[in-house]
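What follows is a short report on a single structure.
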Amino acid sequence: MKVKNICCIGAGYVGGPTMSVIAQKCHEIKVTVVDINEERIAQWNDKNTDLLPIYEPGLAEVVEEARGRNLFFSTDVDGAIDEADMIFISVNTPTKTYGIGKGMAADLKYIELCARQIARVAKSDKIVVEKSTLPVRTAAALKSILHYTGNGVNFHILSNPEFLAEGTAIQDLLEGDRVLIGGERDTQESRDAMQALVDVYAHWMKPDQILTTNVWSSELSKLTANAFLAQRVSSINAMSELCEVTDADVSEVARAVGTDSRIGPKFLKASVGFGGSCFQKDILNLVYIAKSYGLKEVADYWEQVIIMNDHQKRRFARNIVQTLFNTVSGKKIAFLGWAFKKDTNDTRESAAIYVADDLLEEKAEIAVFDPKVKPHQMQTDLNFLNTRSQDENAEMLTATDNYYDACKDAHAIAVLTEWDEFKDYDWKKIYDNMRKPAFVFDGRNILNGEDLEKIGFIYRGIGK
Ligand code: UDX
Ligand code: ADP
11 MKVKNICCIG AGYVGGPTMS VIAQKCHEIK VTVVDINEER IAQWNDKNTD LLPIYEPGLA
71 EVVEEARGRN LFFSTDVDGA IDEADMIFIS VNTPTKTYGI GKGMAADLKY IELCARQIAR
131 VAKSDKIVVE KSTLPVRTAA ALKSILHYTG NGVNFHILSN PEFLAEGTAI QDLLEGDRVL
191 IGGERDTQES RDAMQALVDV YAHWMKPDQI LTTNVWSSEL SKLTANAFLA QRVSSINAMS
251 ELCEVTDADV SEVARAVGTD SRIGPKFLKA SVGFGGSCFQ KDILNLVYIA KSYGLKEVAD
311 YWEQVIIMND HQKRRFARNI VQTLFNTVSG KKIAFLGWAF KKDTNDTRES AAIYVADDLL
371 EEKAEIAVFD PKVKPHQMQT DLNFLNTRSQ DENAEMLTAT DNYYDACKDA HAIAVLTEWD
431 EFKDYDWKKI YDNMRKPAFV FDGRNILNGE DLEKIGFIYR GIGK
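Those letters in the sequence shown? Residues 11 to 474, by the numbering used here.
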């Protein structure tokens, strides 16, 4: 079984970069990425690749190379499903905001709608690949919908969770540690379906990097990997608080711990808290699954990672208020960064949103500069929390298009994202135009505190 035509439903952070790389590496496969969001598709098709809907280093070059050759972006979902022999589902699976499992379980509404659409349109056999992160056993639900509502054609369901991290997605896709493909292995046909996807990745990955498992192991591995990574950030963040009340320095502790090869140096950077579309969602998912099986201790254990993360965000905001003489009312606070990490314009679950919300409750005025996040996104993120009216949010939090205006006349600067360019700013000039005493709260420990203190700033890092 050789795949000639791939369709990917969902042109977001996962679908867009993944399909662009598949198209770049597999010239003989036609790859069509479809989305119901017309504006998003128009942006993907824009000649000016600076206007792509998502920012990711290296993405524009890949799109430029493959677009129009064997990579296409379209809103014709039915047409692309009909043509394809392999369909990736990369639609969003946000945490449920209503009903059973509210605030914890993944909302599978979009996945189910996709499955029903595939079933309605497909007139020939299809391999359906779940790419979105899904709770364990979703493949079974997909299979059932496709089987009962389809036109009698065969569907093979595979799980192919993505392990790419935003900001390094293209590099992760090209040089990732591994890809994971879960599928049934009971019939020759199902083994062939799995091999067809292995062959796609084999265009650029080594055979021993392509792991095959059963569907459920694959689904569960994704949640487990994210839970383990997030737990490390929360563990070091827990130590950061202890460091602050003792004479220890969290970066030194992390270095000492990370040089133990059994633990390793990655994911030990203390921060204002982890964000992103995956960590919180996947852990809550895991907690929900554990709870549904009555495994209270397992659920409590993983939930604690979320509790620690919420604490870290709130602690950062509280620290700012306390240090600014217990009041930030009417004071201007400059935020450097709004994205949940550097090199992405994604803001989902970004710590900045929660820190801003806490400070706005204290009546601060916030001016934000982020190199890649659009101002309306900041308002959307804040309004989503429903803490105050949209007008109040718009009045109290403003976005600026350069760092200098954000920091002018501010009482304090808070670094929320670790964008590299922040390190190279003219900090002397920033200082001269701020209110005094001028404070810097470095939520990412990226600035040189000693240099800033020489200029005159009062510098506060995390865990220092
Ligand atoms: C994550 C997983 O890494 C990836 O494998 C999965 O497919 C999707 O979820 P991503 O959300 O893009 O990727 O970001 P990641 O680099 O994992 O960072 C998550 C959050 O943790 C960010 O807010 C980051 O700033 C924070 N973090 C990370 C720290 O605070 N300290 C660290 O040492 C590492
Ligand atoms: P992720 O980070 O998982 O890629 P995104 O929200 O960035 O999530 O992207 C998911 C995309 O899926 C969105 O652009 C959304 O419009 C699209 N989408 C959701 N449901 C459907 C559907 N039924 N058909 C086509 N596209 C869909």
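From the three backbone atoms N, C-alpha and C, an ideal C-beta is built for every residue, glycine too. Keep in mind that this is a model prediction, so the values were computed, not measured.
Run of the alpha helix (DSSP H) containing residue i, from where it starts to where it stops
| i | result |
| --- | --- |
| residue 40 | Residue 40 -> not in any alpha helix (DSSP H); beta strand (DSSP E) instead, spanning 40-44. |
| residue 469 | First-last for residue 469: 468-471, but that is the beta strand (DSSP E), not the alpha helix (DSSP H). |
| residue 345 | Unbroken run through residue 345 is the beta strand (DSSP E), 342-346; no alpha helix (DSSP H). |
| residue 114 | Run containing residue 114: none; DSSP gives neither H nor E here. |
| residue 26 | 25-35 |
| residue 319 | 306-333 |
| residue 154 | 148-159 |
| residue 189 | Segment 189-192 is the beta strand (DSSP E) holding residue 189; no alpha helix (DSSP H) there. |
| residue 200 | 198-211 |
| residue 183 | 179-185 |
| residue 462 | 459-465 |
| residue 364 | 361-371 |
| residue 442 | 437-442 |
| residue 89 | 87-93 |
| residue 119 | 119-131 |
| residue 51 | 48-54 |
| residue 69 | 69-76 |
Other residues of its chain near residue i: CB distance less than 8 Å, five sequence neighbours each side excluded
| i | result |
| --- | --- |
| residue 74 | 59 |
| residue 183 | 27, 28, 31 and 174 |
| residue 433 | 456, 457 and 458 |
Cutoff 6 Å; reference residue i; Cβ partners in own chain excluding five residues on either side
| i | result |
| --- | --- |
| residue 221 | 188 and 190 |
| residue 138 | 97, 165 and 167 |
| residue 326 | 282, 365 and 453 |
| residue 211 | 189 and 220 |
| residue 107 | none |
| residue 203 | 137 and 166 |
| residue 385 | 409 |
| residue 194 | 200 |
| residue 367 | 395 and 397 |
| residue 247 | 280 and 322 |
| residue 100 | 18, 20, 24, 25, 141 and 142 |
Run of the beta strand (DSSP E) containing residue i, from where it starts to where it stops
| i | result |
| --- | --- |
| residue 139 | 136-140 |
| residue 377 | 375-379 |
| residue 163 | Run containing residue 163: none; DSSP gives neither H nor E here. |
| residue 18 | 15-19 |
| residue 452 | 449-452 |
| residue 99 | 96-99 |
| residue 432 | That residue, residue 432, is in no beta strand (DSSP E); it is neither H nor E in DSSP. |
| residue 62 | That residue, residue 62, is in no beta strand (DSSP E); it is neither H nor E in DSSP. |
| residue 289 | Counting along the chain, residue 289 falls outside any beta strand (DSSP E), though it belongs to the alpha helix (DSSP H) covering 289-302. |
| residue 3 | In the structure as shown, the chain starts at 11 and stops at 474, and residue 3 therefore has no counterpart that could be examined. |
Presumed contact (8 Å Cβ cut-off) between residue i and residue j, rounded CB distance
| i | j | result |
| --- | --- | --- |
| residue 105 | residue 291 | 5 Å |
| residue 43 | residue 86 | Their Cβ separation, rounded to whole angstroms, is 11 Å, which puts residue 43 and residue 86 out of contact at 8 Å. |
| residue 13 | residue 95 | 6 Å |
| residue 67 | residue 353 | 6 Å |
| residue 526 | residue 134 | Since the displayed the chain opens at 11 and closes at 474, residue 526 lies outside it and no answer follows. |
| residue 180 | residue 72 | 6 Å |
| residue 467 | residue 424 | 13 Å between Cβ atoms; not a contact. |
| residue 359 | residue 286 | 6 Å |
| residue 192 | residue 223 | 5 Å |
Cβ shell of residue i (< 7 Å), same chain only, five flanking positions each side left out
| i | result |
| --- | --- |
| residue 268 | 274, 275 and 278 |
| residue 35 | 213 and 214 |
| residue 240 | 284, 289, 293 and 315 |
| residue 160 | 129 and 132 |
| residue 55 | 83 |
| residue 369 | 327, 330, 338, 343 and 376 |
Below-8 Å beta-carbon distance, residue i vs any chain D residue
| i | result |
| --- | --- |
| residue 41 | Included in the structure is just one protein chain, with no chain D present. |
- Item | Complete runs of the beta strand (DSSP E) confined to the region 215-264 [at least 3 residues] | 220-223
- Could you please go through the chain and list the residues whose beta-carbon is closer than 5 Å to any non-hydrogen atom of the ligand UDX? 173, 175, 176, 243, 277, 279, 281, 284, 285, 286, 288, 350 and 351
- Message: What ranges does the beta strand (DSSP E) occupy inside the region 383-421, keeping only unbroken runs of at least 3 residues that lie completely in it?
- Response: 407-409
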